[in-house]
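In my numbering, the protein residues as written are 3 to 140. All C-beta atoms in this analysis are idealised placements derived from N, C-alpha and C, irrespective of residue type, glycine included. Scroll down for the structure; my scribbles are underneath it.
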Amino acid sequence: VLSHLRVDPNRQAIWGHSIGGLMVLRSMFRDPGRFSPYLLASPTIDPKVLADAPPFFEKVARGHMALRVLITVGGDEQPPGAKLLYPTIDDASNLAKRLRAGAPWLEVEFTTFAGEGHLAAGPLSLIRSIHFAWPRPP
Numbered sequence: 003v004l005s006h007l008r009v010d011p012n013r014q015a016i017w018g019h020s021i022g023g024l025m026v027l028r029s030m031f032r033d034p035g036r037f038s039p040y041l042l043a044s045p046t047i048d049p050k051v052l053a054d055a056p057p058f059f060e061k062v063a064r065g066h067m068a069l070r071v072l073i074t075v076g077g078d079e080q081p082p083g084a085k086l087l088y089p090t091i092d093d094a095s096n097l098a099k100r101l102r103a104g105a106p107w108l109e110v111e112f113t114t115f116a117g118e119g120h121l122a123a124g125p126l127s128l129i130r131s132i133h134f135a136w137p138r139p140p
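This is how it looks when you write it as structure tokens:
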């Protein structure tokens, strides 16, 4: 993209759905400030990646980074009583809470698409992410 188009480095976002959401989370934790906003759609959250959270919080505090994070999920991704390896809604909700607690100055938004499953949540998130990343002026 950079070889063909002019890109404002201060307005670059990264989006990922499912395992791609995990990639976005890892990118944010390991190289905060490379992008903003970070857009995670129904992220599959591997607990090993969460080990990078404490150094992330230190980096953003030390650098006074004002990152923006959008986390979205489908409301039907986690059926009641289901034993899931990756309980997407709980994990994503807990991630949003953890980010808010660890770095309260970050802008963290958590959105649930009622009645939508994992696959439909991806395209819905992409639309929502565009509006979150580049809001129209009033």
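DSSP state of residue i mapped onto helix, strand, coil
i      : result
Phe134 : helix
Leu126 : helix
Phe58  : helix
Gly117 : coil
Leu69  : coil
Gly77  : coil
Val144 : In the structure displayed, the chain extends from 3 to 140; residue 144 sits before or after that span and is not available.
Ala105 : coil
For residue i, the nearest candidate out of the options (CA to CA)
i      : options                         : result
Gly22  : Leu41, Asp33, Lys99 and Ser5    : Leu41
Glu111 : Leu121, Val9, Pro125 and Arg100 : Arg100
Ile73  : Leu126, Gly35, Leu87 and Gly104 : Leu126
Leu108 : His6, Lys61 and Pro11           : Lys61
Val71  : Pro34, Gly65 and Asp78          : Pro34
Cβ neighbour criterion (16 or more within 10 Å) applied to residue i
i     : result
Gly18 : buried
Val3  : exposed
### Task
Examine the Cβ distances between the stretch 52-60 and the stretch 72-88 and report whether three or more of them are shorter than 8 Å.
no
### Query
Going along the chain, which unbroken runs of the beta strand (DSSP E) with 3 or more residues stay wholly within the stretch 6-34?
16-19
#### Entry: Inter-stretch contact at 8 Å, needing at least 3 Cβ pairs: the stretch 112-131 / the stretch 29-46
yes
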